[in-house]
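Trainee: Per my numbering, residue 2 is the first one in the sequence shown, and the count goes up by one each step.
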Amino acid sequence: MDPDTSASGGAPSQITSPITDSAELREIIVRQGAIIRSYQDQLADMQAQLSRVAIASPRDPPPMHGYVISHQGVEMDTVKVQAVTGWPEPSTVRELQRFLGFANFYRRFIRNYSSVAGPLTSLLRGKPKKLSWTDQARTAFLQLKDRFTTAPILRHPDQELPFVVEVDASCSGIGAVLSQRRGEPGKLHPCAFHSRKLTAAERNYDVGNRELLAIKAALEEWRHWLEGARHPFQVLTDHRNLEYLRGAKRLNPRQARWALFFTRFVFTVTYRPGSKNGKADALSRQFESANDPSKPEPILPATALLAPVRWDLMEEIR
Numbered sequence: 002m003d004p005d006t007s008a009s010g011g012a013p014s015q016i017t018s019p020i021t022d023s024a025e026l027r028e029i030i031v032r033q034g035a036i037i038r039s040y041q042d043q044l045a046d047m048q049a050q051l052s053r054v055a056i057a058s059p060r061d062p063p064p065m066h067g068y069v070i071s072h073q074g075v076e077m078d079t080v081k082v083q084a085v086t087g088w089p090e091p092s093t094v095r096e097l098q099r100f101l102g103f104a105n106f107y108r109r110f111i112r113n114y115s116s117v118a119g120p121l122t123s124l125l126r127g128k129p130k131k132l133s134w135t136d137q138a139r140t141a142f143l144q145l146k147d148r149f150t151t152a153p154i155l156r157h158p159d160q161e162l163p164f165v166v167e168v169d170a171s172c173s174g175i176g177a178v179l180s181q182r183r184g185e186p187g188k189l190h191p192c193a194f195h196s197r198k199l200t201a202a203e204r205n206y207d208v209g210n211r212e213l214l215a216i217k218a219a220l221e222e223w224r225h226w227l228e229g230a231r232h233p234f235q236v237l238t239d240h241r242n243l244e245y246l247r248g249a250k251r252l253n254p255r256q257a258r259w260a261l262f263f264t265r266f267v268f269t270v271t272y273r274p275g276s277k278n279g280k281a282d283a284l285s286r287q288f289e290s291a292n293d294p295s296k297p298e299p300i301l302p303a304t305a306l307l308a309p310v311r312w313d314l315m316e317e318i319r
C-alpha cells in the first residue's frame, strides 16, 4: 500500500501543518486588520460623498421624463415650463396641434384644463386646413401659458390622511381636484387634477345631473385612492343644487347605475358657499321624473350627508 494514502479513503495523508508560531499568528492578524481598516476607510469616503450629494440635491432633483420628483411631490420640469412661457402664438393648424400636444402632456397639473383649453381645441374640429385665430383663442392661449407658470407641486397622496375632493361642472366640461390637509393649520395641498369636456349628450343634463356627473367622474378617476380609504373623504361643491340627493327620487337607468356606483365609497357631500354667503341655504333642486313610475330611491348613500363649510378652498390650496 502506498504510504502516502490511507487504506480506506485514498486521500493524501500529508496535510498543512497548523500555525504554531505566535509571532507568525500576530503578523497574520495585523495584516488582516489592516485590510479591514482599508475597506472601512473606503466605505466611509463613499458614505461621505453620498451624504454631500443628498444635502446638495433635495431642492434641485434631476428631471425624469419631463417631471421633477422629490420628497414633496411631483412637479413640471422647469426647462419645459420655460419653453411654454416663450411659445409663440400659433399661426397654423400644425403649430396649434403641436402646442396642445405639449400642453396636454402636463394637463394633470392644470386646474380645469379642459375648460381653459376649450377655445383652442374647438378650432381643430372638422380637421380644418387653415387656422381661424380669434380673440377668444388668443385669451385662452395666454391663460393656458400662465397656468403653467403657476402650477402647484402635486403632493404624494398619504393614506393616513383623509382626502378632500372638490368638483365643478359647467355647460361645457367638468373638473375636480384631489387634495389633503397637511401641516399647520391644515392647509389643503393638491394631489391631482382632473378635467374633461362634456359629450353632446351630457351637455343636455340639467345642473344637478352635471354636478353629479362631476362627482362620479372624480371618484372613477381616483378610485384606487378613494375606494376603501382609511378615512371617509369629503366632496366639496359650490353649487346649491345637491340637496335633492338626500331624498328619495324616481331614478332613470343612468341615475340607478350611478347610485350603485356611489355605494362603493364612504364620503360626505358638502356645499361650500361663495364669498357673499355666510352659511349654506336650503338646497332644493329636484329631478323632473314625473313620467317615471318606478319606486323612489336615493341617489347617494345615506352616509353622504350635506353640510355647510365656511373656509375658502382656493385660498387654502398651496
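All C-beta atoms, glycine included, are put in the ideal place defined by N, C-alpha and C.
The structure displayed is predicted, hence computed values, not measured ones.
Can you say whether C172 is buried or exposed, counting buried as having 16 or more other CB atoms within 10 angstroms of its CB?
Mentor: Counted from its first residue, the sequence shown places residue 172 at position 171. C172 should be labelled exposed.
Trainee: Closer than 7 Å by C-beta to N278: which residues in its own chain qualify, once you throw out the five before and the five after it? Chain order, please.
Mentor: Counting from 1 along the sequence shown, the entry for residue 278 is found at position 277. Low per-residue confidence applies at N278: pLDDT is 26, beneath 50, and the placement is therefore not dependable, though the value from the model is reported in the following sentence. Hits under 7 Å: none found.
Trainee: Which residues does DSSP list as the beta-bridge partners of E167?
Mentor: For the purposes of this step, residue 167 is identified with residue 166 of the sequence shown, where counting begins at 1. Paired residue(s): V178 and L237.
Trainee: Return the bridge partner residues of L155 from the DSSP annotation.
Mentor: For the purposes of this step, residue 155 is identified with residue 154 of the sequence shown, where counting begins at 1. The partner list for L155 (beta bridge, DSSP) reads V75.
Trainee: Among the residues of its own chain, which have a CB less than 6 Å from the CB of R265, if the five just before and after it don't count?
Mentor: The residue labelled residue 265 in the question sits at position 264 within the sequence shown. Here the set comprises E228.
Trainee: Out of A141, R183 and A219, state which residue places its alpha-carbon closest to the alpha-carbon of S123.
Mentor: Here residue 123 corresponds to residue number 122 of the sequence shown, with the count starting at 1. Minimum Cα distance to S123 is reached at A141.
Trainee: Give the range of the alpha helix (DSSP H) segment to which P62 is assigned.
Mentor: Taking the sequence shown and counting its residues from 1, the one referred to as residue 62 is at position 61. Run containing P62: none; DSSP gives neither H nor E here.
Trainee: Decide if the stretch 37-48 is in contact with the stretch 117-135; the criterion is three or more beta carbon pairs, one per stretch, under 8 Å apart.
Mentor: They do not touch, by the three-pair rule.
Trainee: Beta-carbon within less than 6 Å of W239's beta-carbon, same chain only, minus the 5 sequence neighbours each way: which residues are those?
Mentor: By 1-based counting over the sequence shown, the position of residue 239 is 238. Reading off the sequence, residue 239 comes out as Asp, not Trp. Closer than 6 Å at Cβ, skipping near neighbours: R273.
Trainee: Using the three-state DSSP reduction, which class does Y272 fall into: helix, strand or coil?
Mentor: Position 271 of the sequence shown holds residue 272. Y272 falls in the strand class under three-state DSSP.
Trainee: What residue does the beta strand (DSSP E) around Y68 start on, and which one ends it?
Mentor: Counted from its first residue, the sequence shown places residue 68 at position 67. Taken as a continuous stretch (DSSP letters only), the beta strand (DSSP E) holding Y68 covers Y68 to I70.
Trainee: With 16 as the cutoff for other CB atoms within 10 Å, does V80 come out buried or exposed?
Mentor: Translated into the one-based positions of the sequence shown, residue 80 becomes position 79. Exposed: under 16 other Cβ atoms inside 10 Å.
Trainee: Once you ignore the five residues that flank G275 on each side, which residues in its own chain have a CB closer than 8 Å to its CB?
Mentor: Residue 275 sits at position 274 when you count from the first residue of the sequence shown. At G275 the pLDDT is 44, less than 50, meaning the model places this residue with poor confidence and gives no usable figure here.
Trainee: Can you tell me where the beta strand (DSSP E) holding F194 begins and where it ends?
Mentor: Your numbering for residue 194 matches position 193 in the sequence shown. Its beta strand (DSSP E) spans residues K188 to K198.
Trainee: Just how far apart, CA to CA, sit F100 and T86?
Mentor: Taking the sequence shown and counting its residues from 1, one reaches residue 100 at position 99. Taking the sequence shown and counting its residues from 1, one reaches residue 86 at position 85. Each residue's alpha carbon lies about 11 Å from the other.
Trainee: In chain order, what residues of the same chain have a beta carbon less than 7 Å from the beta carbon of A118, not counting five sequence neighbours either side?
Mentor: Mapped onto the sequence shown, residue 118 falls at position 117. Within the same chain, A118 has close Cβ partners L101, A104, A141 and L145.
Trainee: Could you give the first and the last residue of the continuous alpha helix (DSSP H) run that contains G119?
Mentor: Walking along the sequence shown from the start, residue 119 turns up at place 118. Y114 to T122 is the extent of the alpha helix (DSSP H) around G119.
Trainee: How about S194 and I70: do their beta carbons lie closer than 9 Å?
Mentor: Numbered from 1 along the sequence shown, position 193 holds the residue referred to as residue 194. Numbered from 1 along the sequence shown, position 69 holds the residue referred to as residue 70. Sequence inspection shows Phe at residue 194; the Ser mentioned does not correspond to that position. In this structure, I70 does not lie closer than 9 Å to F194 by Cβ.
Trainee: With 9 Å set as the bound, which would you pick, yes or no: does the beta-carbon of K128 sit closer than that to a beta-carbon of chain C?
Mentor: Among the protein chains of the structure shown there is no chain C, as only one such chain exists.
Trainee: Jot down the residue ranges of each uninterrupted alpha helix (DSSP H) in the stretch 206-238, minimum 4 residues, whole runs only, in chain order.
Mentor: Here the runs fully enclosed are 208-222 and 224-227.
Trainee: Any idea which residues DSSP pairs R183 with across the strands?
Mentor: Taking the first residue of the sequence shown as position 1, residue 183 is located at position 182. Partner(s): K188.
Trainee: What number of angstroms, rounded off, separates the C-alpha of M77 from the C-alpha of G67?
Mentor: Position 76 of the sequence shown holds residue 77. Position 66 of the sequence shown holds residue 67. Going from the Cα of M77 to the Cα of G67 covers about 7 Å.
Trainee: Measure from the alpha carbon of T269 to the alpha carbon of each residue in F164, G187, A170 and K188, then state which is nearest.
Mentor: To locate residue 269, count along the sequence shown from 1; it is residue 268. Closest by alpha carbon: F164.
Trainee: Take Y114 and list the residues in its own chain whose beta-carbon comes closer than 6 Å to its own, dropping the five residues that flank it on each side.
Mentor: The residue you call residue 114 lines up with position 113 of the sequence shown. If we look at Y114 and ignore the five residues flanking it on each side, its Cβ neighbours are R108 and S196.
Trainee: What separation, rounded to the nearest whole angstrom, lies between the Cα atoms of H157 and V75?
Mentor: Translated into the one-based positions of the sequence shown, residue 157 becomes position 156. Translated into the one-based positions of the sequence shown, residue 75 becomes position 74. Taking the straight line from one Cα to the other gives about 7 Å.
Trainee: Taking the alpha carbon of L155 as the reference point, which residue from H190, N210 and P254 has its own alpha carbon closest?
Mentor: The residue you call residue 155 lines up with position 154 of the sequence shown. Comparing Cα-Cα distances from L155 to each of H190, N210 and P254, the minimum goes to H190.
Trainee: So for K130, helix, strand or coil by DSSP?
Mentor: If you number the sequence shown from 1, residue 130 lands on position 129. Coil at K130, not helix or strand.
Trainee: For the alpha helix (DSSP H) that E96 lies in, which residues bound it at each end?
Mentor: Your numbering for residue 96 matches position 95 in the sequence shown. Taken as a continuous stretch (DSSP letters only), the alpha helix (DSSP H) holding E96 covers V94 to F106.
Trainee: Is it true that the CB of E161 sits closer than 9 Å to the CB of R231?
Mentor: Working through the sequence shown from its first residue, we reach residue 231 at position 230. Working through the sequence shown from its first residue, we reach residue 161 at position 160. Contact: yes.
Trainee: Beta carbon of A218, beta carbon of L179: below 9 Å?
Mentor: Translated into positions along the sequence shown, residue 218 becomes position 217. Translated into positions along the sequence shown, residue 179 becomes position 178. Their beta carbons are not under 9 Å apart, which means A218 does not touch L179 by this criterion.
Trainee: Using CA coordinates, which residue listed in S116, G176, L143 and T151 is at the minimum distance from E221?
Mentor: Against the sequence shown, residue 221 aligns to sequence position 220. Residue G176 is the option with its Cα nearest to E221.
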